[in-house]
Amino acid sequence: MSYLRTILAGTAAAVIGTAALAQDTKVIGVSIPAATHGWAGGMNFHAQEAIDRLEEVYPDLDFVLATASDAGKQVNDIEDMVATRNISALVVLPFESDPLTPPVQSVADSGVWVTVVDRGLSVPGIEDLYVAGDNAGFGKVSGEYMASQMPDGGKIVVLRGIPTTIDNERVEGFQSAIEGSGIEIVGMEHGNWNRDDSFNVMQDFLSKYDQIDAVWASDDDMAVGVLAAIEAADRQDVKFVLGGAGMKEMVKRVMDGDAMIPADVTYPPSMIATAIELTAVGMTSTAPVSGTFTIGSVLVTKDNAEQFYYPDSPF
Amino acid sequence: MATETANPPRARRSAIPSMSVLGPILALVILIVIGAALNGNFLSAGNINNVLSRSAFIGIIAVGMTFVITAGGLDLSVGSMAAFIAGLMILVMNAALPSLGVGVPIILLGMLVALIAGIVAGMLNGFLITTLGIEAFIVTLGTMGIYRSLVTWLANGGTLSLDFDLRTFYRPVYFDGVLGIAWPIIVFAVVVILGEVLMSKARFGRHCAATGSNEHVAHYSNVNVNRTRMLTYIMLGLLVGVATIMYVPRLGSASASTGVLWELEAIAAVIIGGTVLKGGFGRVWGTVIGVLILSLIDNILNLTDLVSPYLNGAIQGVIIVLAVILQREAKAKG
């Protein structure tokens, strides 16, 4: 397989064949899900921005970016990158873990450097570098914040995301963090990381419970729906809403000291930029970058919100 | 007359109302009784207002869908179309803000944009289906993808948000109303009454039924089949525009996840209400009951802890199928 690569590389170099530089140029393929919701939109933005910046910094690196609207398309994208662009490294944020595992494994077997971002593959040890988001930590930080804000305990409702492993890990982390704090989860429903769904769910929670002290919306898009429902019902008992992910509108409200949105917990879509950057370092230097790089979820409060505010990002 | 063949279920109603008429009403009554028994707040004015207001979007669209399906058509693009129109409306209103300022004119401009965009989108579907003679399923599957991509593109993958001051000004259109009844409910009611009159009393309704029942017979009976179909799609597009006008003030935003699966909810509501999926017979008031059944299931499941939230979809599915079986049984016996 490796001399096939050499032949391919040689052919490619001969075809391009104009400058000696071309032989040294390495291509990094980046394959990510398309911008179908807010977080993914932010991730696309940061991927593009990182690529634009790194192409300036490293003249001997070339980048190929492909966005896929489903797992099948992502597999095709990766196959095309290997077949036609002769990539030396692949940065992939798998649409789904299971369907992407075999194709990424065969890419890794052919000697290409593989960086996996956010969602892990189903078989461990395929990737050279894993840039991981910390979903359990996301829940834990959120839960600890809730517990610190409600020292005497209280009644809260929780909105969950689309039923997935990501959502389960977050909720478990949250539940274990509030254990023994006197906080009682009176209601928990799926708002599917969607503004409209969370609006409906919150309206029904408000009808169902006379007393709700706080809401863990667990996502900033859902927090938007929750806030609209509370505002419409004109309920004064809800003291605050905790979202998550770090949407710019919400970080702005934290920065401005909004009492309903006192904090946010990050799950930064910019982790794709970390992954691309580390891969570029690995391709161009001898600095070791293999292993696992976990991006911790950070609590954003009024004091540090400015560092997390990206006014140009779509998310 | 083709119009006569479309009406046999009605002829029998004089004796005992048939199951196809009673079925949906019965299901709705049972749901209301269950809801009231499970939670004391179910029948509170606040909850009823919430449920009816949020039903209004799908409801307004479903009334238009009733005509399209009665005339033998189908439209899968309405959910994406609503998202696209919402995005377009927000963009236009934000763009016009510096010159018009916050006030009634800019809201009227937004509404006008929504209605025109709806009519144009409906005309496009209608043109491809009637003039070019392409299957409605394929045409609207195509436009569904087109509108969904367009809104994602307009929003740059993120969310389009209405300017904050503008949203505060526009907000009462969803949340306020007359005598405690919210505007979306009032608009929904007006659309339903007009739709019911149009379907059961006006010539247009008979033409729709005739077209859906048998295109050729309708044609020989001097019904302009293509024009009737075209009008149903334009009307549906217009109603999608109306629904969007009520939707935008609620959260003041539109994104790629706006209106996902609205088309299927609208179609399900129409069929639960007793309209025949292959066309030829439509019932606007039945559609209203279908819409209410669907939103009440969601509401009741949220208000109680009886079943795992993972199963919400399954329960909805069972009730949809049951409602249709009830009607089929009645037809088979009759």
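Residue numbers (full-length UniProt numbering), protein chains in the order written: chain S, 1 to 315; chain Y, 1 to 334. Beta carbons are placed, not taken as given, at the ideal position from N, Cα and C, and that holds for glycine.
Determine, using beta carbons only, whether residue i and residue j come nearer to each other than 8 Å.
i               : j               : result
V187 of chain Y : V78 of chain Y  : no
S255 of chain Y : L160 of chain Y : yes
D38 of chain S  : F315 of chain S : Note that residue 38 of chain S is Gly in the sequence shown here, rather than Asp. It is a contact, given that the beta carbons lie within the stated cut-off.
N156 of chain Y : G225 of chain S : no
A121 of chain Y : M89 of chain Y  : no
V270 of chain Y : A62 of chain Y  : yes
D134 of chain S : S270 of chain S : no
V92 of chain S  : V116 of chain S : yes
G274 of chain Y : P24 of chain Y  : yes
A229 of chain S : A223 of chain S : no
V192 of chain Y : V92 of chain Y  : no
D221 of chain S : M260 of chain S : no
T101 of chain S : S122 of chain S : yes
G290 of chain Y : I272 of chain Y : yes
N194 of chain S : S257 of chain Y : yes
T279 of chain S : I28 of chain S  : yes
F67 of chain Y  : G282 of chain Y : yes
Using the beta-carbon count (16 or more within 10 Å), is residue i buried or exposed?
i                      : result
Y145 of chain S        : buried
N222 of chain Y        : exposed
residue 335 of chain Y : Past the edges of chain Y, shown from 1 to 334, lies residue 335 of chain Y, and the structure says nothing about it.
Y130 of chain S        : buried
Y170 of chain Y        : buried
L52 of chain Y         : buried
T131 of chain Y        : exposed
F137 of chain Y        : exposed
H46 of chain S         : buried
residue 327 of chain S : Only positions 1 to 315 of chain S appear in this structure, which leaves residue 327 of chain S out of reach.
Y310 of chain Y        : exposed
T165 of chain S        : exposed
W153 of chain Y        : exposed
N304 of chain S        : exposed
Give me the Cα-Cα distance between residue i and residue j, rounded to the nearest whole angstrom.
i                      : j               : result
residue 360 of chain Y : V324 of chain Y : There is no way to answer for residue 360 of chain Y, as the model of chain Y reaches only from 1 to 334.
G111 of chain S        : E265 of chain Y : 49 Å
P99 of chain S         : G125 of chain S : 16 Å
E135 of chain Y        : M255 of chain S : 53 Å
E249 of chain S        : F164 of chain Y : 11 Å
residue 336 of chain Y : H207 of chain Y : For chain Y, the structure presents residues 1 to 334; residue 336 of chain Y sits outside this window and is missing.
K208 of chain S        : I297 of chain Y : 15 Å
K201 of chain Y        : D167 of chain S : 52 Å
F175 of chain Y        : R250 of chain Y : 7 Å
L109 of chain Y        : R253 of chain S : 30 Å
G73 of chain Y         : G120 of chain S : 45 Å
A108 of chain S        : T286 of chain S : 20 Å
Q211 of chain S        : E184 of chain S : 12 Å
S148 of chain S        : E179 of chain S : 12 Å
E172 of chain S        : V190 of chain Y : 47 Å
S308 of chain Y        : I315 of chain Y : 11 Å
A37 of chain Y         : N302 of chain Y : 14 Å
A210 of chain Y        : Q175 of chain S : 59 Å
I162 of chain S        : A177 of chain S : 21 Å
I129 of chain Y        : V139 of chain Y : 7 Å
L21 of chain S         : T284 of chain S : Bear in mind that a pLDDT of 44 at L21 of chain S, under 50, signals an unreliable position, so the number given afterwards is only what the model happens to contain. The straight-line gap from Cα to Cα measures roughly 14 Å.
A14 of chain S         : R170 of chain S : In this prediction, A14 of chain S has a pLDDT of 47, which is less than 50 and means its spatial position is unreliable; what the coordinates show is noted afterwards. Roughly 51 Å separates the two Cα atoms.
A96 of chain Y         : G252 of chain Y : 16 Å
V318 of chain Y        : L90 of chain S  : 45 Å
Y309 of chain S        : S31 of chain S  : 26 Å
M150 of chain S        : V201 of chain S : 23 Å
Pull the bridge partners of residue i from the DSSP assignment, please.
i               : result
G133 of chain S : S:I295
W216 of chain S : S:V158 and S:L242
D264 of chain S : S:V300
V117 of chain S : S:V131
E189 of chain S : S:L159
K68 of chain S  : It should be noted that the sequence gives Ala, not Lys, for residue 68 of chain S. DSSP, once it has assigned bridges, lists S:P33 as partnering A68 of chain S.
T159 of chain Y : Y:S255
G177 of chain Y : Y:A182
L90 of chain S  : S:G29 and S:V114
E184 of chain S : S:K155
>> Quick check: the segment 135-143 of chain S against the segment 152-161 of chain S, are at least 3 beta-carbon pairs closer than 8 Å?
In response: no
>> For the structure I just gave you, are there three or more beta carbon pairs, one from the segment 46-62 of chain S and one from the segment 256-265 of chain S, closer than 8 Å?
In response: no
> Using 8 Å as the Cβ pair cut-off and three pairs as the minimum, do the segment 82-90 of chain Y and the segment 132-150 of chain Y touch?
Replying inline: yes
> Quick check: the segment 177-194 of chain S against the segment 233-241 of chain S, are there 3 or more CB pairs under 8 Å?
Replying inline: no
> Do the segment 36-56 of chain Y and the segment 226-235 of chain Y make contact, defined as three or more Cβ pairs closer than 8 Å?
Replying inline: no
> Quick one: any contact between the segment 100-117 of chain Y and the segment 49-65 of chain Y, if contact means 3 or more CB pairs under 8 Å?
Replying inline: no
>> Taking 8 Å as the cut-off, does the segment 27-35 of chain Y touch the segment 68-79 of chain S (at least 3 CB pairs, one atom from each stretch)?
In response: no
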